[in-house]
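S.K.: Sending over a structure as structure tokens; questions will come in a sec.
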Amino acid sequence: MLVKYWRLVFNDHFVIALFFMFGALGWGYSQSLGKLVPNSWWDAPLAIAVLVIGLQIGRLATLFEKPDPIFLLPQSKMIDHYLRQSLTYSSILGELIMLLISVATLPFIVLTNEYQTWQASIIVIAMLLLKLVWMEWELAKLYQTRTTKYNEALIKFIVPLIILIVGFYMNWIVAIVLNFLFVVIMTLQLRRASHHLLNWRSAIAKEEQRMLGVYRFFNLFTDVPQVQGVVHRRVYLDWLVKIMSQSRRPFSYLYVRGIIRGTEVSGLIVRLTIVGMAILFFVPIFWLNLVIMILFVYLIAIQLIPFYWHFDTHVFSHLYPVNQSDKQKDFQSIINQILLIAMIFLLVASSGMNFNATNMIIKLIVGIVEVIVLSRIYLKYRINQKN
315 MLVKYWRLVF
325 NDHFVIALFF
335 MFGALGWGYS
345 QSLGKLVPNS
355 WWDAPLAIAV
365 LVIGLQIGRL
375 ATLFEKPDPI
385 FLLPQSKMID
395 HYLRQSLTYS
405 SILGELIMLL
415 ISVATLPFIV
425 LTNEYQTWQA
435 SIIVIAMLLL
445 KLVWMEWELA
455 KLYQTRTTKY
465 NEALIKFIVP
475 LIILIVGFYM
485 NWIVAIVLNF
495 LFVVIMTLQL
505 RRASHHLLNW
515 RSAIAKEEQR
525 MLGVYRFFNL
535 FTDVPQVQGV
545 VHRRVYLDWL
555 VKIMSQSRRP
565 FSYLYVRGII
575 RGTEVSGLIV
585 RLTIVGMAIL
595 FFVPIFWLNL
605 VIMILFVYLI
615 AIQLIPFYWH
625 FDTHVFSHLY
635 PVNQSDKQKD
645 FQSIINQILL
655 IAMIFLLVAS
665 SGMNFNATNM
675 IIKLIVGIVE
685 VIVLSRIYLK
695 YRINQKN
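By the count of this note's numbering, the sequence shown reaches residue 701 at its end, each step adding exactly one.
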């Protein structure tokens, strides 16, 4: 089932976008490393923050579903073997993610702290061990033992933070010894927990939350039935509805209100805009900066196109005395405004720390032309093609 969604996610458009985004990030990162000053006060805290946040990526996958307790409850003791396999599978994926994050962070750490090769290797080993402990704790929580949120914060955040602080500010040998002791303690804790019964409700709830995160990622690219949109009133944005919608145009009001109140589309626009702004801010090359801005405006546009048919399943929307051409014009007008707003935010972020008026004017002209082409020509073509 997940492979089916992966094929839809990694289509030609997204692969090209990823190529440019990671290329831009890699280039900007490499250029920034050359400007760093060793032994600055902020380099160690930044590295610690990145590593601790990266430690939280990757969760335990049990694949439990709601009917499982009915059939598997008599075999609760036999399920321990299955959970061990789940831990192995999840740990491999989690360790790979942690390895990528650690290796990506190492050039910054080595340059700013003037570390040697053996010290860099200890940092990678320490992060892999901490991720293993993280996964073991996730499994231990599934059993009916006395675990509290305080213990979870202690194991997932506070102890890794202490170990990294000891390594960066004192000695990495001491840090790795503390890390090994931490692994031993958590392994013993997991063995004690496995003697208790499995908390099926907690295990199923955690797996549902994990899968919901996966489905939300897929939902950025295609419709996923498992993800149900949430509607918020958002009274504070009523002024935006009045500005963007046109009076005496029913679908103009519906499209604006639907986008603002629904979490799927509005959240998608905000996330893509923020990610685009973050990437553009660190890309100093003009032509690459311009290409990435064009790509993000395009990505926002193609994600908004399916919303044109959002109200077709509502019976009463077909009673409006509005023909399809007027409906299409209303949607084009709304998309045009949204893309212009997103383009302006991306344009401001693209200036980075070196403002150049000529480059900004060129990017502004190109952005306006792209928005017009997407909202007036490309959007009309896609709608007519599906209709």
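Glycine included, each C-beta is placed from N, C-alpha and C at the ideal position.
Below 6 Å CB to CB, which residues in the same chain sit around N673 once its five sequence neighbours on both sides are set aside?
M.R.: Taking the sequence shown and counting its residues from 1, the one referred to as residue 673 is at position 359. Correct list, in chain order: F600.
S.K.: Assuming M441 and L365 form a contact by the criterion Cβ under 8 Å, report the distance between their Cβ atoms to the nearest whole angstrom.
M.R.: Here residue 441 refers to the residue found at position 127 of the sequence shown. Here residue 365 refers to the residue found at position 51 of the sequence shown. M441 to L365, Cβ: 6 Å. Contact.
S.K.: Can you tell me where the alpha helix (DSSP H) with N427 in it begins and where it stops?
M.R.: Start at 1 with the first residue of the sequence shown, and residue 427 comes out as number 113. From DSSP, the alpha helix (DSSP H) with N427 extends over I393 to N427.
S.K.: Leaving out five residues before and five after R696 in sequence, what residues of the same chain have Cβ atoms less than 7 Å from its Cβ?
M.R.: Stepping through the sequence shown from its first residue, residue 696 is reached at position 382. Cβ neighbours of R696 beyond the five flanking positions: I619.
S.K.: Alpha carbon to alpha carbon, what distance is there between F531 and V597?
M.R.: Here residue 597 refers to the residue found at position 283 when the sequence shown is read from its first residue. Here residue 531 refers to the residue found at position 217 when the sequence shown is read from its first residue. Straight-line Cα distance between these residues: approximately 25 Å.
S.K.: Where DSSP assigns a beta bridge to L512, which residues make up the other side?
M.R.: Counting from one through the sequence shown, the residue named residue 512 turns up at place 198. Looking at the DSSP assignment, L512 forms a beta bridge with Y457.
S.K.: Please name the residue, chosen from N603, G576 and L502, that lies closest to H624 on a Cα-to-Cα basis.
M.R.: Stepping through the sequence shown from its first residue, residue 624 is reached at position 310. The option with the nearest alpha carbon to H624 is G576.
S.K.: Quick check on DSSP: helix, strand or coil for G342?
M.R.: Counting from one through the sequence shown, the residue named residue 342 turns up at place 28. Helix, per DSSP.
S.K.: Please determine, among D326, A375 and F422, the residue with the shortest C-alpha to C-alpha distance to W356.
M.R.: Within the sequence shown, residue 356 is the residue found at index 42, counting from 1. Among D326, A375 and F422, the Cα nearest to that of W356 is on F422.
S.K.: For I649 versus L693, is the C-beta spacing smaller than 8 Å?
M.R.: Here residue 649 is taken as the residue at index 335 of the sequence shown, counted from 1. Here residue 693 is taken as the residue at index 379 of the sequence shown, counted from 1. In this structure, L693 lies closer than 8 Å to I649 by Cβ.
S.K.: Kindly give me the distance between the Cβ atoms of I573 and L551, rounded to whole angstroms, as I take these residues to be in contact under 8 Å.
M.R.: Mapped onto the sequence shown, residue 573 falls at position 259. Mapped onto the sequence shown, residue 551 falls at position 237. About 10 Å; that fails the 8 Å criterion.
S.K.: Roughly how many whole angstroms lie between the Cα atoms of I367 and L688?
M.R.: For the purposes of this step, residue 367 is taken as residue 53 along the sequence shown, with counting starting at 1. For the purposes of this step, residue 688 is taken as residue 374 along the sequence shown, with counting starting at 1. When rounded, the distance between both Cα atoms is 37 Å.
S.K.: Do G681 and M607 have their beta-carbon atoms positioned less than 8 Å apart in this structure?
M.R.: Taking the first residue of the sequence shown as 1, we reach residue 607 at position 293. Taking the first residue of the sequence shown as 1, we reach residue 681 at position 367. Cβ distance < 8 Å, so M607 and G681 count as in contact.
S.K.: On a CA-only basis, which of R524, I691, V605 and F385 is nearest I676? Give me that one, please.
M.R.: Working through the sequence shown from its first residue, we reach residue 676 at position 362. The option with the nearest alpha carbon to I676 is V605.
S.K.: Just verifying my parser: in three-state terms, what is the DSSP assignment at I649?
M.R.: By one-based count along the sequence shown, residue 649 stands at place 335. The answer is helix: DSSP assigns I649 an H, G or I state.
S.K.: Less than 7 Å between C-beta atoms, sequence neighbours within five positions excluded: which residues of the same chain meet that for M591?
M.R.: In the sequence shown, residue 591 corresponds to position 277, counting from 1. The residues are F659, L660 and A663.
S.K.: Which class does T672 belong to by DSSP, given the choice of helix, strand or coil?
M.R.: Sequence index remark: in the sequence shown, residue 672 carries index 358 (1-based). Of the three classes helix, strand and coil, the one that applies to T672 here is helix, per DSSP.
S.K.: Measure from the alpha carbon of T419 to the alpha carbon of each residue in E452, L360, L397 and Q389, then state which is nearest.
M.R.: Position 105 of the sequence shown holds residue 419. Checked all of E452, L360, L397 and Q389; the closest Cα to T419 is L360.
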